[in-house]
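Data block below; observations after.
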Amino acid sequence: MSWPFLIIVLNSNQSVSTMGVGVILGFSAGVAAISGIYIGYLSDKFGEKPLLLTGCLVGTACYAMLPFALNFWQYFVIMALLGLVRPMVEVVGKAIMCNSLSDPKDRETALYLRYFLINMAGAIGPLLGLWFGLTQADTLFTITAMAYFGYLIWIYQLIQSTEHHATHELPNFSKTVQVIRSDLPFLLLLIIIFLVLIVYSQAYATVPQIITGLLGGDAASLIVLLTVVNCITVTVFQFPLLRLFRRLSIATRAQIGIVFLLLAQLLFIVIDDHSLVAWSVAFFVFSLGEVITIPTISVQIDEFAKTGLRGSYFGAAAFSELGNAIGPMFGAMMISSFSNDHYFIATTLICSICIACYGIIRRRVG
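According to my numbering, the sequence shown is numbered sequentially starting from 111.
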């Protein structure tokens with residue numbers, strides 16, 4: 111709910127430049143990526159509850175502090191801490207979900223359902239964000255802090271009676287890293303995820319910046335519209351598309367999703383910059399690519415994960431989220447130094463590389 115409006119707040123702050131916005135968002139994503147593998151390892155070794163509770167506590171504090179941030183460095187520190195929160199909540203959350211289900215099909219369904227529920231909330235959140243973000247921005251961040259605190263209490267109640275699953279036979283961190291490094295098909299997958307996330311990051315970072323630059327004070331309404339289009343598309347089409355592609359391999363599904371992302375980049379180039387309908391259509395195609403690709407990647411990571419190391423594998427996959435770190439900075443650099451069209455041409459090429467790389471990984475792993 112709060113991230114699209116955080117872009118607007120940062121762009122409206124005279125002490126934060128366009129490039130500065132990209133640096134803040136990019137560094138935050140970088141912290142999430144680099145810390146993910148170690149946080150995942152800790153969840154394998156000591157259990158998920160301590161990590162989840164810590165993540166929720168830090169998230170509560172960060173969003174409570176955002177209304178008081180005034181300059182680049184204050185935003186930078188808060189967003190860096192929020193970058194640390196992300197793997198504590200997302201990586202560990204995926205690990206506990208998959209560790210509690212023994213059947214691979216059940217885990218696949220659970221991961222798709224998780225993504226579905228996140229986007230159900232995402233369809234409602236921006237509408238609340240539109241009201242609070244435009245009238246009382248401080249209230250928006252306070253509500254988000256309260257949501258994290260509520261999640262903290264819920265997790266404490268939910269997991270306190272859960273059996274500790276971590277095993278004492280788990281290797282130390284360096285040996286765990288060696289196990290993952292020796293898994294060449296998984297490393298190939300990480301490269302693909304990294305490239306996909308460079309493109310995917312435009313939805314919450316670069317595209318809102320482009321729209322803000324084009325429409326100024328009228329940008330918020332279009333950003334909300336596109337966010338709702340995205341979330342509704344994901345909510346409505348996820349399971350019909352899953353049923354349509356159920357006979358296809360996981361890798362083939364992901365490849366089809368990337369094709370849709372590529373088509374969206376081409377639409378972003380040719381559309382009328384001031385047409386709400388044109389932006390909505392392009393974002394609809396982008397969202398179809400997202401709904402096919404992003405949850406499918408989580409399923410594929412689970413397929414690669416070794417027994418007892420699921421948290422570490424999901425954490426290692428979070429390292430590919432450096433794509434989310436580089437994406438906003440790359441986008442900010444492109445639109446500041448060149449043009450919006452040049453940026454979308456570059457992301458089109460990245461999508462093409464991803465499609466080609468998936469062809470390689472499909473041949474390599476069968």
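Here a beta-carbon is modelled for each residue, glycine too, at the ideal position from N, C-alpha and C.
Values in this document were obtained by computation on a predicted structure and should not be read as measured data.
Secondary structure of residue i, DSSP reduced to three states
| i | result |
| --- | --- |
| K215 | helix |
| K416 | coil |
| I293 | One point to set straight first is that residue 293 is Asp, not Ile, in the sequence displayed. It is coil, neither helix nor strand. |
| F251 | helix |
| S422 | helix |
| R353 | helix |
| E72 | Residue 72 cannot be examined here, being either before or after the span of the chain that is shown, 111 to 476. |
| A435 | helix |
| F394 | helix |
| A205 | helix |
| N229 | helix |
| G193 | helix |
| L358 | coil |
| L180 | coil |
| V126 | coil |
| S271 | Note that S271 scores 46 on pLDDT, short of 50, meaning its location in the model is unreliable; the coordinates nonetheless yield the value given after this. In this structure, S271 counts as coil in the three-state DSSP scheme. |
| E200 | helix |
| A276 | Residue placement at A276 is flagged as unreliable, the pLDDT there being 48, under the threshold of 50; a coordinate-derived value is accordingly withheld. |
| G157 | coil |
| H452 | helix |
| S284 | helix |
Buried versus exposed call for residue i [16 or more other C-beta atoms within 10 Å across all chains shown]
| i | result |
| --- | --- |
| N450 | buried |
| M444 | buried |
| G469 | exposed |
| S292 | exposed |
| T417 | exposed |
| F178 | exposed |
| T457 | buried |
| D412 | buried |
| Q267 | exposed |
| K204 | buried |
| F396 | buried |
When the options are compared against residue i, the one with the closest alpha-carbon
| i | options | result |
| --- | --- | --- |
| G132 | A392, D383, S311 | S311 |
| M230 | T457, L354, V338, S462 | V338 |
| A330 | N340, C341, P318 | P318 |
| H452 | I379, I253, M256 | I379 |
| T362 | N340, Y225, T403, S127 | T403 |
| L104 | A313, F156, D383, S447 | Residue coverage of the chain in this structure runs from 111 to 476, which leaves residue 104 outside it and unanswerable. |
| L459 | V309, L300, M256 | V309 |
| S127 | A220, M439, M256, S212 | M439 |
| A313 | T254, Q375, V289, C166 | Q375 |
| I398 | I381, L373, L194, A415 | A small fix is needed here, since residue 398 is Leu in this sequence, not Ile. It is L373. |
| G130 | A171, T316, L167 | T316 |
Review point. For the segment 364–373 against the segment 186–197, are there 3 or more C-beta pairs whose distance is under 8 Å?
Key: Not touching, per the Cβ criterion.
Review point. Can we say the segment 197–204 touches the segment 280–298, given the rule of at least three CB pairs closer than 8 Å?
Key: no
Check your understanding: How about the segment 301–316 and the segment 415–435: do they share at least three Cβ pairs that are nearer than 8 Å?
Key -> yes
Check your understanding: Using 8 Å as the Cβ pair cut-off and three pairs as the minimum, do the segment 409–429 and the segment 148–157 touch?
Key -> yes
Practice item. Decide if the segment 385–397 is in contact with the segment 254–266; the criterion is three or more beta carbon pairs, one per stretch, under 8 Å apart. Key: Short answer: they don't touch.
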